[in-house]
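*Asks:* Here it is, the structure in full.
Numbering (this note's numbering), first residue to last: 44 to 219.
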């Protein structure tokens, strides 16, 4: 049954060649988001894979992680916390930087978003190199909290991003 559900999710991911630049095969989640049944099933599969792990909140990484993270938080009955690009959060923040192919970027979280004893699930639509997810994990540590698991809809296996997140549990629904 789970394989059938994953197959349905895979059918809702559109391959877009040469986007955003030539040679890239973009995995477009918008058909998944547009299909209410497939989206609900995606969130249900995430919740099932967490297998009742105790969590105090769900973090979504800007921007597509917001959609999946907020829905998963609702499903789990816990709060949602956004991790955003620099300068987007209004109160005092922690910041973690990560490397890009050419340069660097950063993510931020409100300093009062988490505290000691909090266990969170970090959610994003896709893991590629793992830089943003790793930086988000560093933000959680800055808050004296713990990442219970990382959850992704899509894992781009060739980029080996999950290696950066070990030994924290990693849940991916679709591997490409």
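Cβ atoms here follow ideal geometry from the backbone N, Cα and C, with glycine treated the same way.
What separation, rounded to the nearest whole angstrom, lies between the Cα atoms of residue 47 and residue 107?
*Replies:* Looking at the two C-alpha atoms, the distance is approximately 24 Å.
*Asks:* Would you call residue 192 buried or exposed, if buried means 16 or more other Cβ atoms sit within 10 Å of its Cβ?
*Replies:* Label assigned to residue 192: buried.
*Asks:* Less than 8 Å separating the beta-carbons of residue 204 and residue 179?
*Replies:* No; because the gap between Cβ atoms is not below 8 Å, this pair is not in contact.
*Asks:* Within 10 angstroms of the Cβ of residue 67, are there 16 or more other Cβ atoms? Answer buried if so, exposed if not.
*Replies:* So residue 67 counts as exposed.
*Asks:* Does DSSP classify residue 117 as helix, strand or coil?
*Replies:* If DSSP states are grouped into helix, strand and coil, residue 117 belongs with the helices.
*Asks:* Compute the Euclidean distance between the alpha carbons of residue 119 and residue 110, then round it to the nearest angstrom.
*Replies:* Approximately 14 Å between the Cα atoms of the pair.
*Asks:* Name the DSSP bridge partner or partners of residue 172?
*Replies:* In DSSP, residue 172 forms no bridge with anything.
*Asks:* Name, in chain order, the residues that DSSP records as bridge partners for residue 140.
*Replies:* Looking at the DSSP assignment, residue 140 forms a beta bridge with 149.
*Asks:* Spatial neighbours of residue 134 within its chain, please: C-beta separation below 6 Å, excluding the five flanking residues on both sides.
*Replies:* Closer than 6 Å at the Cβ level, and outside the excluded window around residue 134, lie 153.
*Asks:* State the Cα-Cα distance for the pair residue 100 and residue 123, rounded to the nearest angstrom.
*Replies:* One C-alpha to the other measures close to 6 Å.
*Asks:* How big is the Cα-Cα spacing for residue 70 and residue 167?
*Replies:* Going by the C-alpha atoms only, they are around 13 Å apart.
*Asks:* Residue 215 by DSSP, collapsed to three states: which one?
*Replies:* Residue 215 falls in the strand class under three-state DSSP.
*Asks:* Alpha carbon to alpha carbon, how far is residue 53 from residue 196?
*Replies:* For residue 53 and residue 196, the distance between alpha carbons rounds to 10 Å.
*Asks:* DSSP on residue 190, reduced to helix/strand/coil?
*Replies:* Looking at residue 190 - three-state DSSP - the assignment turns out to be strand.
*Asks:* Determine the DSSP secondary structure at residue 62, reduced to helix, strand or coil.
*Replies:* Coil, per DSSP.
*Asks:* So, at 6 Å on beta carbons, what are the nonlocal neighbours of residue 62 in its own chain, with the 5 sequence-adjacent residues on each side left out?
*Replies:* Taken in chain order, the residues that qualify are 69.
*Asks:* Just how far apart, CA to CA, sit residue 219 and residue 169?
*Replies:* Cα-Cα distance, rounded: 10 Å.
*Asks:* When you compare only the Cα positions, how much space is there between residue 206 and residue 177?
*Replies:* If you take the alpha carbons of residue 206 and residue 177, they lie about 10 Å apart.
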